[in-house]
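**Student:** The structure's right below; bear with me while I get my questions together.
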Amino acid sequence: MITPHLTLPIIDISPFLPNAADILDAETLQMSKLAMAELVDAACRDVGFFYLVGHGVSEETRKQVLDLGRKFFALDLDEKEKISITKSDFARGYQKLGQNVTKYEKDWHEAIDFYSPVDPSHPLMERKIRTLTGENQFPEVPKNFREVYTQYVETMKGIGFAVMRCIALGLKLPESIIGYPPISTSTEGAVGKSCGEHSDYGCLTILNTDDTPDALQVFSKSGEWITANPIPGAFVINIGDMLNIWTNDIYQSTLHRVIHTKSNYRVSLPFFFEPNFDAIIEPLEVCIAKESENDSNLQKKKYRPVVFGDHIVGKVASNFDVKESHEGSEPVAKRLDLKSLQLDA
1 MITPHLTLPI
11 IDISPFLPNA
21 ADILDAETLQ
31 MSKLAMAELV
41 DAACRDVGFF
51 YLVGHGVSEE
61 TRKQVLDLGR
71 KFFALDLDEK
81 EKISITKSDF
91 ARGYQKLGQN
101 VTKYEKDWHE
111 AIDFYSPVDP
121 SHPLMERKIR
131 TLTGENQFPE
141 VPKNFREVYT
151 QYVETMKGIG
161 FAVMRCIALG
171 LKLPESIIGY
181 PPISTSTEGA
191 VGKSCGEHSD
201 YGCLTILNTD
211 DTPDALQVFS
221 KSGEWITANP
231 IPGAFVINIG
241 DMLNIWTNDI
251 YQSTLHRVIH
261 TKSNYRVSLP
271 FFFEPNFDAI
281 IEPLEVCIAK
291 ESENDSNLQK
301 KKYRPVVFGD
311 HIVGKVASNF
321 DVKESHEGSE
331 PVAKRLDLKS
341 LQLDA
């Protein structure tokens, strides 16, 4: 059931930006940080999603990256497929309609994916795994695409660090860093959603989207779908599966989906703020202790440690319908999911 009257909390991240100390005195700044951290803590416990304002990114910048994406997706398929994921590592580059798969069903959207660069000494190269070991593919058209998107990534990194500092403070830790066309029913294959329901498998997602309403839906703890309509000037933030592990399920990633039934072409730009590839993700002792405050029997780890790189490679390797292109290629990684990392009760 979709419940239109429910909405997501709104968080002002400005106290955690680098220039905050130039605007507020030390006492006011700390009080503002604590207030926002409490709100983020509640949002992560209750919903796992929230709107982010006060981030300092101009509306012109947010619109520019979406417009460039829209111009690329309007190109002929032959032009877009010059940077197909099948010409790289089956992850970096363009995915045509229906090529992205969620829970074994095709999603009705097209996309371009970029990842952090991998150098020759990277563990993936040493293990001779092809997934994620290619180079990012930027389109030649529009001409300024690479320049604008590269700068946008750096901006999103800064916001990601700010949100993670806020999350850390909310957990009483130090402030250290712990395109959619309308759905068609006449296409080949089973296509029922623009993007099927899923939780994000990383750490933090920062979503920039156009003004299309009634598309993104978030599954609440009460079992209702909340429509997360765009708010002018706000990013949509959601936590991923790695925060389940770090917080020992104090925070839990939330199922969400996209069902775009309007006649326009919807464009969204998610930035995934992730741990280092070789980071070992396991429950933090402070979070294990939090659960045992009222019941000593709860003082136990709920997840086994996982190397983030193994987790993401396994996920990405099963994301796309490119089975025919894998024949004769280097091995891909085994898929891991959050349930497989849970320890027995």
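Position 254 of the sequence shown, counting from 1, maps to 254 under this note's numbering, and the rest follow consecutively. In this text, a Cβ means the ideal position worked out from N, Cα and C, and glycines have one as well.
Looking at the unbroken beta strand (DSSP E) that takes in SER268, where does it start and where does it end?
**Tutor:** For SER268, the enclosing beta strand (DSSP E) stretches over residues 268-273.
**Student:** Under the assumption that GLY69 contacts VAL267 (Cβ atoms under 8 Å), give the Cβ distance between them as a whole number of angstroms.
**Tutor:** 5 Å
**Student:** So, at 7 Å on beta carbons, what are the nonlocal neighbours of CYS203 in its own chain, with the 5 sequence-adjacent residues on each side left out?
**Tutor:** GLY240, MET242, LEU243, PHE273, GLU274, PRO275
**Student:** State yes or no: is the C-beta of ASP214 within less than 7 Å of the C-beta of THR205?
**Tutor:** Against a cut-off of 7 Å, the Cβ pair of THR205 and ASP214 comes out as no contact.
**Student:** Distance, Cα to Cα, ALA37 vs ILE231?
**Tutor:** 21 Å
**Student:** Who are the Cβ neighbours of TYR115 in its own chain at under 8 Å, not counting the five residues just before and after it?
**Tutor:** For TYR115, where only same-chain residues beyond five positions count, the Cβ hits under 8 Å are ALA91, ARG92, LEU132, ASN136.
**Student:** Can you tell which of LEU17, TRP246, HIS55 has its C-alpha closest to the C-alpha of ILE237?
**Tutor:** Here the closest residue by C-alpha is HIS55.
**Student:** Got a sec, what are the start and stop residues for the beta strand (DSSP E) LEU206 sits in?
**Tutor:** The displayed chain sequence assigns Ile, not Leu, to residue 206. Counting along the chain, ILE206 sits inside the beta strand (DSSP E) bounded by residues 204-209.
**Student:** Is GLU147 helix, strand or coil when you go by DSSP?
**Tutor:** helix
**Student:** Excluding the 5 residues preceding and the 5 following GLY196 in the sequence, name in chain order all residues of the same chain whose CB lies nearer than 7 Å to its CB.
**Tutor:** The residues are THR102, LYS103, GLU105, ASP107, ARG257.
**Student:** Have a look at LEU173 and LYS63 and give me their C-alpha separation to the nearest angstrom.
**Tutor:** 35 Å
**Student:** If you draw a straight line from the C-alpha of LEU66 to the C-alpha of GLU110, how long is it?
**Tutor:** 14 Å
**Student:** Return the bridge partner residues of PHE49 from the DSSP annotation.
**Tutor:** ASN238
**Student:** Just grab the DSSP bridge partners of TYR303 for me.
**Tutor:** GLN342
**Student:** Is it the case that the Cβ atoms of PRO305 and ASN248 are separated by a distance below 7 Å?
**Tutor:** no
**Student:** For PHE72, tell me which candidate among TYR51, SER14, PRO139, LEU39 has the shortest Cα-Cα distance.
**Tutor:** Cα-wise, what sits closest to PHE72 is PRO139.
**Student:** Are the beta-carbon atoms belonging to ILE83 and GLN95 less than 7 Å from one another?
**Tutor:** ILE83 is not a Cβ neighbour of GLN95, given a cutoff of 7 Å.
**Student:** Below 8 Å on the Cβ atoms is my contact criterion, and I expect LYS33 with PHE16 to pass it. Report the Cβ-Cβ distance as a whole number of Å.
**Tutor:** 6 Å
**Student:** Verify whether the separation of the beta carbon atoms of ALA234 and VAL53 is less than 7 Å.
**Tutor:** yes
**Student:** Please classify ASN100 as buried or exposed, where buried requires at least 16 other C-beta atoms within 10 Å of its C-beta.
**Tutor:** buried
**Student:** Output the boundary residues of the beta strand (DSSP E) element that contains GLN95.
**Tutor:** Residues 93-95.
**Student:** On the criterion of 16 or more Cβ atoms from any shown chain inside 10 Å, does ASN264 qualify as buried, or is it exposed?
**Tutor:** exposed
**Student:** Note the first and the last residue of the continuous beta strand (DSSP E) segment covering GLU105.
**Tutor:** 105-107
**Student:** Does the distance from the C-beta atom of PHE277 to that of GLY309 stay below 7 Å?
**Tutor:** yes
**Student:** Starting from HIS198, follow its DSSP beta bridges and name the residues at the other end.
**Tutor:** HIS256
**Student:** So, at 6 Å on beta carbons, what are the nonlocal neighbours of GLU27 in its own chain, with the 5 sequence-adjacent residues on each side left out?
**Tutor:** none
**Student:** Taking the alpha-carbon positions, what's the ILE167 to TYR251 distance?
**Tutor:** 10 Å
**Student:** Could you check what DSSP says for PHE90 in three-state terms: helix, strand or coil?
**Tutor:** In this structure, DSSP gives PHE90 a state outside helix and strand, which the three-state scheme calls coil.
**Student:** Please list, in chain order, all residues of the same chain as GLU79 whose beta carbon is under 7 Å from its beta carbon, the five residues on each side excluded.
**Tutor:** Excluding sequence neighbours, GLU79 sits near VAL141.
**Student:** By the 10 Å Cβ neighbour count, where 16 or more other Cβ atoms means buried, how is LYS302 classified, buried or exposed?
**Tutor:** buried
**Student:** Around the C-beta of GLY223, are 16 or more other C-beta atoms found within 10 angstroms, so that it is buried, or is it exposed?
**Tutor:** exposed
**Student:** Which of the three DSSP states, helix, strand or coil, is assigned to ILE245?
**Tutor:** helix
**Student:** Looking at SER253 and GLY48, is the spacing between their C-beta atoms short of 7 Å?
**Tutor:** yes
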